[in-house]
Structures are given as structure tokens and as C-alpha cells.
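Numbering (our numbering), first residue to last: 1 to 118.
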């Protein structure tokens with residue numbers, strides 16, 4: 001990688017951090033899991049794109065404005081978590097990023113609270 005290319009990548013990361021101050025630099029794990037989303041505009045199904053210790057990026061079909069409060073449940077299959085049953089993580093968070101990509105909405109949410117249910 002050239003030093004110019006590295007500088008450009010560093011600028012991009014710093015730019016994202018300043019635009020989304022609630023999104024910390026926690027490691028993100030690319031994983032697609034089903035999500036049930038509830039917000040002021042109703043309930044809908046979504047799918048995670050990546051998850052970190054403090055947030056999640058998911059895709060859905062409708063808009064969720066930045067600043068919206070959202071409740072959502074991520075379902076982890078039993079075989080993925082080494083359990084006899086699926087594990088649900090009930091979360092409360094807020095939308096810090098919303099964008100269009102390939103005809104679907106991408107929504108970045110900071111997780112403020114969560115509860116694990118087996």
C-alpha cells in the first residue's frame with residue numbers, strides 16, 4: 001500500500017468518526033442475522049450487516065431518521081452460539097446513521113441497552 005493510499009484511508013476513518021461521534025472504533029464483525037425492528041413508524045423485519053460491541057448496521061426497506069429511538073431484537077441461531085436454543089438479544093438504541101444503498105436503507109444504530117434471552 002502506498003503512503004498516499006494509507007493517508008486517504010486514515011482521512012476516511014477520521015471523517016467517519018467526526019460525523020458519527022457515537023460510533024466508537026470497536027471492532028466490527030460482518031454477520032447477517034435476522035432482526036425484528038420496532039420504532040415510532042411501526043414494526044418491520046431487517047437483516048444485520050455488521051455488529052460491534054456498541055452498535056449494529058442493518059438493512060431494511062424503509063427510512064429511519066437519524067435521532068430516532070428504536071427497539072430491536074437480534075436472533076442468534078443455536079448452532080452459532082453453541083446453545084440448545086436460539087438466543088435473542090433485545091436492544092434499545094438510537095439511529096446515528098441512515099443512508100440509501102442498492103435500493104435498501106442502511107441504518108447504523110448505537111446500542112444503549114440490551115438484554116440476552118435464552
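Idealized CB from N, CA, C, for every residue including glycine.
Since the model is a prediction, treat every value here as computed from it, not as a measurement.
Which partner residues of residue 39 appear in the DSSP bridge assignment?
42, 70
Rounded to the nearest angstrom, how far is the Cβ of residue 59 from that of residue 75, given a contact under 8 Å?
Contact doesn't hold; Cβ gap of about 15 Å is too wide.
Please report the Cβ distance between residue 29 and residue 50, rounded to the nearest whole angstrom; I am assuming they are in contact, meaning their Cβ atoms lie under 8 Å.
6 Å
What's the gap between the Cα of residue 81 and the Cα of residue 118?
11 Å
What number of angstroms, rounded off, separates the C-alpha of residue 115 from the C-alpha of residue 47?
19 Å
Measuring CB to CB, does residue 94 end up less than 8 Å from residue 110?
yes
Assigned exposure category for residue 102 - 16 Cβ within 10 Å defines buried:
exposed
Please go through the stretch 66-118 and give each complete beta strand (DSSP E) segment of 3 or more residues, from N-terminal end onward.
69-76, 87-101, 104-117
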